[in-house]
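**Q** So that we are looking at the same thing, I have put the structure below in C-alpha cells.
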C-alpha cells in the first residue's frame, strides 16, 4: 500500500514538476487576461469588420478543444511556417488563446454592468476613447469580476496536465514516468492530486481576500 | 464666492443686461429624430445665442431631453442639422468641399464647446469628488494636476461643497451630487451647457439648493444655457426665452412674461394649468 519512505523519495521531483505546472498556469492565465481584455474591447469597436473578425476568432477558438489547439500549435504550425517553440511556450500560448476567449466573456459581463450614464458623462466631458476605458470604465468593470477571473485561474491550473500531451514535463507526466519506472502508482498520483488540491485551496483563499479588499476600497 | 468665478472665466466678460445680440451660437435646422417607427422630434428649428439662457418646457415625451442630447452628440438627428458656432455638428467637410458624416476627431473638437449636466448625475463612483472634477481638465485640457486641482477647488467652492472634496460620491446627498456634476461640467468652460432636467431625480427638499446654484451661474456667467426643466418658477426667473414643446414640435416660443402671462395656444394653457 502506501510507503512513506517511497513517497518522501519521489516528492522532491514531483514538487519541482509542480512548480513547472504553476509557472505554466500563471503565465497562461496572465496571457489569457491580456488577450481576453483586448478581445472584449475589440468586440465593441465602432468598426463592423473589427467586431466580426473578433467574434469569429472567439467562436472558432471556443468551439475546438484545447488539446487539438495545442497539437496544432506544437506539431502542425512548425510544418506550415518556420515558427517552432518549446513545449512550455506553446503550452502558455495555447492556454492564453483558449482561455482568453472565455475571459473575454467575463470582461464583457463586467463592462456591460457599467451604467450607460458613465459612458455618456465621459462623452460629455470630451474624454478620449482610451481615457474613457482607462479612467472610467475599466476601474468599474474589473473589481466585480475578479472572483470569476480567480475561478478561471484555478481551472487553468487544473488544465495544465493537458500540456503533457505536447511533452511538457509537468507534474502529471512526472508522476506517470515515476510510476512506470517503479510500478508503484499509488504514491505518485496521490501526491500529484494533493498538490493540485493544495494549489486550488490557496488560490481560492487568495481570490476571496483580494475580492474583499477590492470591495472595501471601491465602496466609497 | 462671486469674485472667484470671475477669475476662472475669461477676464472681463460678464453678462450684459438686455441679452446678447450676436449670431446664433447654436442652431437647429429642421431637426427630426425617430427611433425606428417612433417619431420623437418632428421638425424643429431652434436658435440659441451666446450667453442666452433658454428654457425648454413641456410634457414628458415631448422630446425635450432628446433635443439636449443631440446637442451633446449623444444622439444623432435622423434628418436636419445642428450647427454650433456656424459649424455642423454631425457633418464635416472634406478637402474637396463635400459633406460627409463627422468622424470622432471632428466630434471631439465640437464637443469642446458643449457641456452637459444629467438628470441622474452620472458621477464617477470610483473617484473622489475632487478627482471627479479634475479628471477632464487633466485628461482633455492637458492641465497640470496643480492647475486642475486649483480650478476644481474654486468650482467646488462655488457650488458650496468645499468640505466634501475628499469624499466619494456615494456619501453625498442627491443635491450635493448634482452640484458636483455641475462643477465638473463647468470647469471645462463650455460655451453652451445643457441642463437636462437636473432636479427631476431629486427629493423635493434638495431641489432648491441646486436651483440656487444654477441661478447664480446664470447671473454671473456668459455661458449659453439650455435648461430643460419642469420647474416653472425657476424657468421664469432665469430664462431669457422659453420654448414650449409638445409631441415633438415647438408649440410656442417667447419671453417668460409672454409664455406664462399671455399663453396663446390651448396646448400651453392646459399645460400651465397643471402648475397652478
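Protein chains in written order, with the working numbering: chain D, 1 to 220; chain S, 1001 to 1276. Where is the CB? At the ideal position from N, CA and C, for every residue including glycine.
1) Just the chain S side, please: which residues come within less than 7 Å of residue 117 (chain D) by C-beta, in chain order?
2) In three-state DSSP terms, what is residue 213 (chain D)?
3) Among S:1048, S:1051 and S:1032, which has the Cα closest to the Cα of residue 1076 (chain S)?
4) With DSSP collapsed to three states, give me the class of residue 90 (chain D).
5) Would you kindly check if the distance between the Cβ of residue 1083 (chain S) and the Cβ of residue 1089 (chain S) is under 8 Å?
6) State the start and end residues of the unbroken beta strand (DSSP E) segment that holds residue 1195 (chain S).
7) Using three-state DSSP, classify residue 171 (chain D) as helix, strand or coil.
8) Which residues in chain D sit within 8 Å of residue 1173 (chain S), going by Cβ to Cβ distance?
9) What are the residues that DSSP puts in a beta bridge with residue 1028 (chain S)?
10) Do residue 1187 (chain S) and residue 1152 (chain S) have their C-beta atoms within less than 8 Å of each other?
11) Hey, is the region 88-107 of chain D in contact with the region 125-132 of chain D, meaning 3+ C-beta pairs nearer than 8 Å?
12) Residue 1265 (chain S) by DSSP, collapsed to three states: which one?
13) According to DSSP, what are the bridge partners of residue 71 (chain D)?
14) Name the one or two DSSP bridge partners that residue 1317 (chain S) has.
15) Starting from residue 1073 (chain S), find everything on chain D with Cβ-Cβ shorter than 8 Å and list it in chain order.
16) Among S:1272, S:1123, S:1164 and S:1034, which one has its Cα closest to the Cα of residue 1236 (chain S)?
17) Quick one: does residue 127 (chain D) have its CB under 8 Å from some CB of chain S?
18) Anyone know if the C-beta pair for residue 1127 (chain S) and residue 1175 (chain S) falls short of 8 Å?
19) Just checking: is the beta-carbon of residue 136 (chain D) within a distance shorter than 8 Å of some beta-carbon in chain S?
20) For residue 141 (chain D), which residues of its own chain have a beta-carbon under 8 Å away from its beta-carbon, when the five flanking residues on both sides are left out?
21) Could you list the residues in the region 102-116 of chain D with a C-beta less than 7 Å from some C-beta on chain S, going in chain order?
22) Contact between the region 1117-1127 of chain S and the region 1136-1150 of chain S: three or more CB pairs below 8 Å?
23) Can you check whether the C-beta of residue 131 (chain D) is within less than 8 Å of a C-beta belonging to chain S?
24) Can you pull the chain S residues whose beta carbon is under 7 Å from the beta carbon of residue 59 (chain D), in chain order?
25) Taking residue 1188 (chain S) as the query, report the chain D residues whose CB atoms sit under 8 Å from its CB, ordered along the chain.
26) As a quick exercise: from S:1211, S:1222 and S:1243, pick the residue whose alpha carbon is nearest that of residue 1067 (chain S).
27) Just mark residue 1234 (chain S) as buried or exposed, buried being the case when its beta carbon has 16 or more other beta carbons within 10 Å.
28) Does the beta-carbon distance from residue 1025 (chain S) to residue 1192 (chain S) come in below 8 Å?
29) Helix, strand or coil for residue 200 (chain D) per DSSP?
30) Can you check which of these residues, D:181, D:185, D:174 and D:129, is closest to residue 46 (chain D) by C-alpha distance?
31) Can you tell which of S:1098, S:1023, S:1136 and S:1094 has its C-alpha closest to the C-alpha of residue 1111 (chain S)?
32) DSSP three-state call for residue 1164 (chain S): helix, strand or coil?
33) Please confirm if residue 1179 (chain S) has its CB atom under 8 Å from at least one CB of chain D.
34) Kindly confirm or deny that the region 1212-1232 of chain S and the region 1040-1051 of chain S touch, where touching means at least three C-beta pairs closer than 8 Å.
35) Just checking, does the region 69-77 of chain D make contact with the region 132-152 of chain D on the three C-beta pairs under 8 Å criterion?
36) For residue 120 (chain D), return the contacting residues in chain S, with the cut-off set at a CB-CB distance below 9 Å.
**A** The answer reads as follows:
1) Result: 1118, 1120 and 1122.
2) In this structure, residue 213 (chain D) counts as helix in the three-state DSSP scheme.
3) A check of alpha carbon separations from residue 1076 (chain S) across S:1048, S:1051 and S:1032 identifies S:1032 as the nearest.
4) Of the three classes helix, strand and coil, the one that applies to residue 90 (chain D) here is helix, per DSSP.
5) A distance below 8 Å separates the beta carbons of residue 1089 (chain S) and residue 1083 (chain S).
6) Looking at the DSSP string, the run of the beta strand (DSSP E) that includes residue 1195 (chain S) is 1192-1196.
7) In the three-state DSSP reduction, residue 171 (chain D) falls in the helix class (H, G or I).
8) Below the 8 Å Cβ cutoff, chain D contributes no neighbours of residue 1173 (chain S), its closest Cβ being approximately 14 Å away.
9) S:1046 and S:1082.
10) Taking C-beta atoms as the reference points, residue 1187 (chain S) and residue 1152 (chain S) count as a pair closer than 8 Å.
11) Remark: fewer than three beta-carbon pairs, one from each stretch, lie closer than 8 Å, so the region 88-107 of chain D and the region 125-132 of chain D are not flagged as touching.
12) When secondary structure is reduced to three states using DSSP, residue 1265 (chain S) falls in the coil class, being assigned neither helix nor strand.
13) Answer is none; residue 71 (chain D) lacks a bridge partner.
14) Because chain S in this structure spans residues 1001 to 1276, residue 1317 (chain S) falls outside the shown range and cannot be described.
15) Neighbours of residue 1073 (chain S) across chain D, judged by C-beta separation under 8 Å: 123.
16) For the residues S:1272, S:1123, S:1164 and S:1034, the minimum Cα distance to residue 1236 (chain S) belongs to S:1272.
17) Residue 127 (chain D) has a beta carbon lying within less than 8 Å of a beta carbon in chain S.
18) Contact flag unset, no.
19) Yes, its Cβ sits closer than 8 Å to a Cβ of chain S.
20) Here the set comprises 107, 110, 111, 113 and 114.
21) Those residues of the region 102-116 of chain D that come within reach of chain S (Cβ to Cβ, closer than 7 Å) do not exist; the list is empty.
22) When Cβ pairs closer than 8 Å are counted between the two stretches, the region 1117-1127 of chain S is seen not to touch the region 1136-1150 of chain S, the count staying below three.
23) Yes, residue 131 (chain D) lies at the interface with chain S (some Cβ there is under 8 Å from its Cβ).
24) Result: empty, since nearest Cβ-Cβ is about 28 Å, beyond 7 Å.
25) Correct list: 125 and 126.
26) Comparing Cα positions, the closest option is S:1243.
27) Classification of residue 1234 (chain S): buried, given that the 10 Å Cβ count is 16 or more.
28) Their beta carbons are under 8 Å apart, which means residue 1025 (chain S) touches residue 1192 (chain S) by this criterion.
29) Note: residue 200 (chain D) maps to helix in three-state DSSP.
30) Of all alpha-carbon atoms in D:181, D:185, D:174 and D:129, the one lying nearest the alpha-carbon of residue 46 (chain D) is that of D:129.
31) The shortest Cα separation from residue 1111 (chain S) among S:1098, S:1023, S:1136 and S:1094 belongs to S:1136.
32) Residue state, collapsed to three classes: helix.
33) No, residue 1179 (chain S) lies away from the interface with chain D (no Cβ there is under 8 Å from its Cβ).
34) Yes, since at least three Cβ pairs between the region 1212-1232 of chain S and the region 1040-1051 of chain S fall closer than 8 Å, the two stretches touch.
35) At 8 Å Cβ cutoff, the stretches do not touch.
36) Within chain S, the residues near residue 120 (chain D) are 1069, 1072, 1074, 1116, 1118 and 1122.
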